[in-house]
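Below is one structure; the comments refer to it alone.
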Amino acid sequence: MISTAFILSSLTAIGVVAALGPAAVNLRTAANYTILAETGITNVPTSAITGAMAVCPISAAAITGFSPLMLDPSGQFSTSSQVTGHIFACDYASPTPSILTIAIADMGTAFTDAITRTPPNFINLGAGNIGGRILTPGLYSWTTGVTINSSITLLGGAADTWIFQVNGTLTIANGVQMILVGGARAVNIVWATAGAVTAGTNSHLEGVFLGKTGITLKTGATANSRLLAQTLVALQQVTVTA
Ligand SMILES: *[C@@H]1O[C@H](CO)[C@@H](O)[C@H](O)[C@H]1NC(C)=O
Ligand SMILES: *[C@@H]1O[C@H](CO)[C@@H](O)[C@H](O)[C@H]1NC(C)=O
Ligand SMILES: *[C@@H]1O[C@H](CO)[C@@H](O)[C@H](O)[C@H]1NC(C)=O
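Here's what the structure looks like:
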């Protein structure tokens, strides 16, 4: 008779352990962008963005603080010294508008998927105050906003997943860090927020932010993230890498 413990330890040895946490949120084509917003991207220079940025349905005029935006001769994208990647807007030449329209729809679909998942493993953890917590993989749901006033740790393996459903604002205080431990990866962490996301000065974010409204990163904030907002993304001298 082979014991369960033996089987489990054997599976662990060959790396066949099921991932913990909810099924991944499929971003579809929204995953092509580090920053995607519907009403604009504002910036106080100098920021450093790695990856593509896009606005739609608003025009490129709603991208500010990245001057000069250098329009490619194709008319399909522009570039900026602050962005390592292409910048797109819905008023650029075809096929950019149709690609962006799909990406915006995919962002909305991903938000709805993430915010409606059930059943949660954790409901209203900490009454919305989760500063200092160690968060294991799972589906977390708050009927209210969430405040993070001191650094948090996301503890889990490289295939484990986290979905945070925040039915209100998400406020990350100045200097607060999101720390990944155990191989946890930002791509497997989703913050779906019904209200505004505000990251304080010198804070550090990890994960995919799906905002029903706006996402603001204050001076010196860094993010190993995608910022996907259904309104505005506002940046102040930040570093964002997908
Ligand atoms: C965007 O992402 C999708 C799906 O991941 C991919 O098939 C597509 O080629 C990407 N590029 C554009 C411009 O949409
Ligand atoms: C978090 O910090 C803010 C600003 O200092 C304060 O107003 C709020 O009460 C704090 N919240 C908690 C839960 O500590
Ligand atoms: C979300 O918050 C709104 C009010 O802001 C409330 O009407 C609604 O029931 C809440 N939904 C959930 C799932 O908590």
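The sequence shown runs -19 to -1, 1 to 223 under mature numbering (1 follows the signal peptide of the UniProt record, and there is no 0).
Idealized CB from N, CA, C, for every residue including glycine.
Classify residue i as buried or exposed, calling it buried when 16 or more other Cβ atoms lie within 10 Å of its own Cβ.
| i | result |
| --- | --- |
| P118 | buried |
| I68 | buried |
| I(-6) | With a pLDDT of 47 at I(-6), under the threshold of 50, the modelled position of this residue cannot be trusted; read the value that follows with caution. The residue in question, I(-6), is exposed, as its Cβ has fewer than 16 Cβ neighbours within 10 Å. |
| I104 | exposed |
| I(-13) | Note that I(-13) scores 40 on pLDDT, short of 50, meaning its location in the model is unreliable; the coordinates nonetheless yield the value given after this. The residue in question, I(-13), is exposed, as its Cβ has fewer than 16 Cβ neighbours within 10 Å. |
| N169 | buried |
| A(-2) | exposed |
If you follow the alpha helix (DSSP H) that residue i is in, where does it begin and where does it stop?
| i | result |
| --- | --- |
| T90 | 77 to 97 |
Would residue i and residue j qualify as a contact pair, given that the criterion is a beta-carbon distance under 8 Å?
| i | j | result |
| --- | --- | --- |
| I129 | P3 | no |
| I16 | T65 | no |
| R9 | A91 | yes |
| M51 | S59 | yes |
| A70 | V36 | yes |
| G126 | T150 | yes |
| S206 | V219 | no |
| G192 | L209 | yes |
Give me the DSSP bridge partner(s) of residue i.
| i | result |
| --- | --- |
| L191 | A173, L209 |
| G21 | L213 |
| T122 | According to the sequence provided, residue 122 is Ser. The question's Thr does not apply to it. I104, Q146, per the DSSP bridge assignment. |
| T134 | I115, I160 |
| I129 | I153 |
Along the beta strand (DSSP E) that carries residue i, what are the first and last residues, could you check?
| i | result |
| --- | --- |
| S61 | 59 to 61 |
| F69 | 64 to 70 |
| L50 | Run containing L50: none; DSSP gives neither H nor E here. |
| V221 | 220 to 222 |
| T45 | Where T45 is concerned, there is no enclosing beta strand (DSSP E), given that its DSSP letter is neither H nor E. |
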